[in-house]
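Peer 1: The structure's right below; bear with me while I get my questions together.
In the working numbering, the protein residues as written are 11 to 268.
Okay, structure coming up:
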């Protein structure tokens, strides 16, 4: 495919079943869930179904390059990820009076950027990665000039073949080129935070080894929302929506949004 003389190449791949977007029609109030970096809609499967049971229409889009293959991932940018999230919000707003935004990790960062511009009534961030423990992310714009991906030790084994595939394609590598795109979003989100006036629930995990508690504190202290709350789950790690306390996390999120 060409555009203005530029060749646009796409990868011949497919979305794994676990990563197919989730959309379940419910009531007139909707929730947009935005997954994280190298994640996919499966990270919100439980919470989305519980929210729908509570009467909400739920949408969990798949961000470009996620849930397909590593080669496809490398074809995408932060602009693609943002555009997909904004489009999903616009589509929900076409048919629903009220749309809340819930974001996990990089999805939390995207949710912050969206909330600053779109002013939804309610916002929830789950381990939003405005800051991360690994300071090497600051070097990724430079490292990405030399390498796009690097092997990473990952001994996890999954019974689910889709999750095992995602591990082999995504979670067994570091991605300097894509991490540089994530870093761009992180910086954008930190600038966006003071513009947020939505009723905001900031959720953090005590055992998170990716995002420090500093991130939740930063969001909570710098948003302009009159109504705000911070919750810390003591036994959960980074992917709160799909971890040991997922039932309690989902309950807290839904109670905030009702």
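Every residue, glycine too, gets a C-beta built ideally from N, C-alpha and C.
Can you tell me whether DSSP reads residue 57 as helix, strand or coil?
Peer 2: Working through the chain shown from its first residue, we reach residue 57 at position 47. Residue 57 falls in the helix class under three-state DSSP.
Peer 1: For residue 237, I'd like the list of residues in its chain whose CB is within less than 6 Å of its CB, leaving aside the five on either flank, ordered along the chain.
Peer 2: One-based indexing of the chain shown puts residue 237 at position 227. Here the set comprises 209.
Peer 1: Classify residue 218 as buried or exposed, calling it buried when 16 or more other Cβ atoms lie within 10 Å of its own Cβ.
Peer 2: The residue given as residue 218 occupies position 208 in the chain shown. Counting Cβ neighbours within 10 Å, residue 218 comes out buried, since at least 16 surround it.
Peer 1: What do you get for residue 186, buried or exposed, if any count of 16 or more other CB atoms within 10 angstroms of its CB means buried?
Peer 2: Taking the chain shown and counting its residues from 1, the one referred to as residue 186 is at position 176. Buried: at least 16 other Cβ atoms inside 10 Å.
Peer 1: Find the nearest neighbour of residue 194 within the set 157, 89, 135, 178, judged by alpha-carbon distance.
Peer 2: Counted from its first residue, the chain shown places residue 194 at position 184. Nearest option by C-alpha distance: 89.
Peer 1: Tell me which residue opens and which closes the alpha helix (DSSP H) that residue 121 is part of.
Peer 2: Walking along the chain shown from the start, residue 121 turns up at place 111. Unbroken alpha helix (DSSP H) run through residue 121: 116-128.
Peer 1: May I ask you to check if the CB of residue 193 is nearer than 6 Å to at least one heavy atom of the ligand PLP?
Peer 2: Absent from the structure shown: the ligand PLP. Ligands present: none.
Peer 1: What ranges does the alpha helix (DSSP H) occupy inside the stretch 212-255, keeping only unbroken runs of at least 4 residues that lie completely in it?
Peer 2: Fully enclosed alpha helix (DSSP H) runs of 4 or longer: 223-232.
Peer 1: Using a Cβ-Cβ cut-off of 8 Å (strictly less than) and excluding sequence neighbours within five positions of residue 228, which residues of its own chain qualify?
Peer 2: In the chain shown, residue 228 corresponds to position 218, counting from 1. Taken in chain order, the residues that qualify are 140, 141, 200, 203.
Peer 1: Out of curiosity, what's the CA-to-CA distance linking residue 252 and residue 148?
Peer 2: Here residue 252 refers to the residue found at position 242 of the chain shown. Here residue 148 refers to the residue found at position 138 of the chain shown. Their backbone Cα atoms lie some 28 Å apart in a straight line.
Peer 1: Keeping to the same chain, check which residues put their C-beta closer than 8 Å to that of residue 183; ignore five residues upstream and five downstream.
Peer 2: Position 173 of the chain shown, counted from the start, is the residue given in the question as residue 183. Excluding positions up to five away in sequence, the list reads 80, 159, 160, 161, 162.
Peer 1: When burial is assigned at 16 or more other CB atoms within 10 Å of the CB, is residue 65 buried or exposed?
Peer 2: By 1-based counting over the chain shown, the position of residue 65 is 55. Classification for residue 65: exposed.
Peer 1: Please give me, in chain order, every unbroken run of the beta strand (DSSP E) with length at least 3 that falls completely inside the stretch 20-107.
Peer 2: The qualifying runs are 32-34, 39-44, 67-70.
Peer 1: Going by CA-CA distance only, name the one from 197, 56, 157 that's closest to residue 33.
Peer 2: The count along the chain shown starts at 1 and reaches residue 33 at position 23. Out of 197, 56, 157, 56 has the C-alpha closest to the C-alpha of residue 33.
Peer 1: Assuming contact is defined by CB atoms lying nearer than 7 Å, are residue 46 and residue 128 in contact in what I supplied?
Peer 2: On the chain shown, position 36 is the one that residue 46 refers to. On the chain shown, position 118 is the one that residue 128 refers to. It is not a contact, given that the beta carbons lie outside the stated cut-off.
Peer 1: Give me, in chain order, the residues of the same chain whose beta-carbon lies closer than 6 Å to that of residue 78; leave out the 5 immediate sequence neighbours on both sides.
Peer 2: Translated into the one-based positions of the chain shown, residue 78 becomes position 68. Answer for residue 78: 23, 25, listed in chain order.
Peer 1: Ordered along the chain, which non-local residues of its own chain (more than five positions away) have a Cβ less than 8 Å from that of residue 106?
Peer 2: Counted from its first residue, the chain shown places residue 106 at position 96. Counting only Cβ-Cβ distances below 8 Å, and skipping sequence neighbours, we find 38, 39, 40, 67.
Peer 1: Around the Cβ of residue 171, are there at least 16 other Cβ atoms within 10 angstroms (buried) or fewer (exposed)?
Peer 2: The residue labelled residue 171 in the question sits at position 161 within the chain shown. That one is exposed.
Peer 1: Out of curiosity, what's the CA-to-CA distance linking residue 31 and residue 102?
Peer 2: Here residue 31 refers to the residue found at position 21 when the chain shown is read from its first residue. Here residue 102 refers to the residue found at position 92 when the chain shown is read from its first residue. Looking at the two C-alpha atoms, the distance is approximately 14 Å.
Peer 1: Given this structure, state the Cα-to-Cα distance separating residue 87 from residue 247, to the nearest angstrom.
Peer 2: Position 77 of the chain shown, counted from the start, is the residue given in the question as residue 87. Position 237 of the chain shown, counted from the start, is the residue given in the question as residue 247. So the alpha carbons of these two residues sit roughly 27 Å apart.
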